[in-house]
Amino acid sequence: MSSAFLATAVLLGSSAVMAFVLQPSDVEPAAATPFRCPGESWQSVRKGLLEALGLRTEPRLAAGALDGVREQWQRTFSSISHRVLNPASPTVSPPSQEAGNSTGPRCCPVTSQVFMKDLGWDTWVIQPPSLTLVQCALCSAAGHTVPCPPPPAGAQPPPCCQPSSLEMVPVLYMDQFSTLVISSVQLPRSCGCGPGGVQQPEKNFLIL
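Numbered by mature numbering (1 follows the signal peptide of the UniProt record, and there is no 0), the letters in the sequence shown go through residues -19 to -1, 1 to 189 in order.
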């Protein structure tokens, strides 16, 4: 019996862990974006993802610690893929526009693809190989980003161009103790202006 199968059995048998299907998000990017990380440095992306994973620092593993492990897990998930239930994937909404003002600012989702290899995390992250990040920014009708308009004097400013829906993305990695850890991060998937709650994250899970 392979170590990958044993690890899978432990994860699935634990009542404290939800069994996720570890796969990259298949959300289609919003308009063509030939860049991966707009307006944000690799360091800030690393910091944000580490906080989302509940980590203070990146795990430091011995050279070759993941040799064979990633391939075993890929085979394991491939073999059980027929038992996977995939909820309807969230889609990135088209830019929203302020009601009654066709020339007003719009809330634009800016999509970028971040690869674990580019972050230097392919030495400890097993799945997924990349993440799709969506940043919300006000833009003009021509597609140029603009600052949030100031609210009227004495008025409570409404939420301005913020995430309107989230997706729970699972992450499988090996920590500094060579222990396999399954965690997840909440990533924005669509944007909108004005008041209103954020749609709860979509999840991918196994039928047990």
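Positions of the beta carbon are idealized from the N, C-alpha and C atoms, including for glycine. Being a predicted model, the structure only gives us computed values, none of them experimental.
Leaving out five residues before and five after residue i in sequence, what residues of the same chain have Cβ atoms less than 6 angstroms from its Cβ?
i: Ser164; result: Leu34 and Val152
i: Arg51; result: Ile107
i: Leu168; result: Glu148 and Val150
For residue i, does the three-state DSSP call read helix, strand or coil?
i: Thr35; result: One detail in the question is off: residue 35 reads as Gly in this sequence, not Thr. Looking at Gly35 - three-state DSSP - the assignment turns out to be coil, as it is neither helix nor strand.
i: residue 216; result: The structure shown does not extend to residue 216, since the chain spans only -19 to 189, so no value can be given for it.
i: Gln157; result: coil
i: Thr92; result: strand
i: Gly29; result: helix
i: Thr104; result: coil
Do you know whose CA, among the options, lies nearest residue i's CA?
i: Ala46; options: Gln94, Leu31 and Leu161; result: Leu161
i: Met155; options: Pro90, Pro109, Pro144 and Ala118; result: Pro109
i: Cys141; options: Ala44, Val166, Pro90 and Asp48; result: Pro90
i: Ala44; options: Gln167, Gln143, Ser159 and Val166; result: Ser159
With a 10 Å radius around its C-beta and 16 neighbouring C-beta atoms as the bar for buried, classify residue i as buried or exposed.
i: Thr38; result: exposed
i: Gly101; result: exposed
i: Ala118; result: buried
i: Ser6; result: Per-residue confidence for Ser6 stands at a pLDDT of 38, beneath the threshold of 50, marking its modelled position as unreliable; the derived number appears in the next sentence. Answer is buried; the Cβ neighbour count reaches 16.
i: Gly173; result: buried
If I measure Cβ to Cβ from residue i and keep anything under 8 angstroms in the same chain, skipping five residues before and after, which residues do I get?
i: Leu31; result: Arg37, Thr38 and Glu39
i: Gln157; result: Pro40, Arg41 and Leu42
i: Trp23; result: Asp99 and Leu100
i: Lys28; result: none
Just checking residue i against the ligand SAM - is the residue's beta carbon closer than 6 angstroms to any of the ligand's heavy atoms?
i: Pro86; result: As for the ligand SAM, it is missing from this structure, which has no ligand bound.
Taking 7 angstroms as the limit between beta carbons, can you name the residues of its chain near residue i, skipping five residues before and five after?
i: Met97; result: Asp103, Val106, Pro110 and Ser111
i: Val166; result: Leu30, Ala33, Leu34, Val150 and Val152
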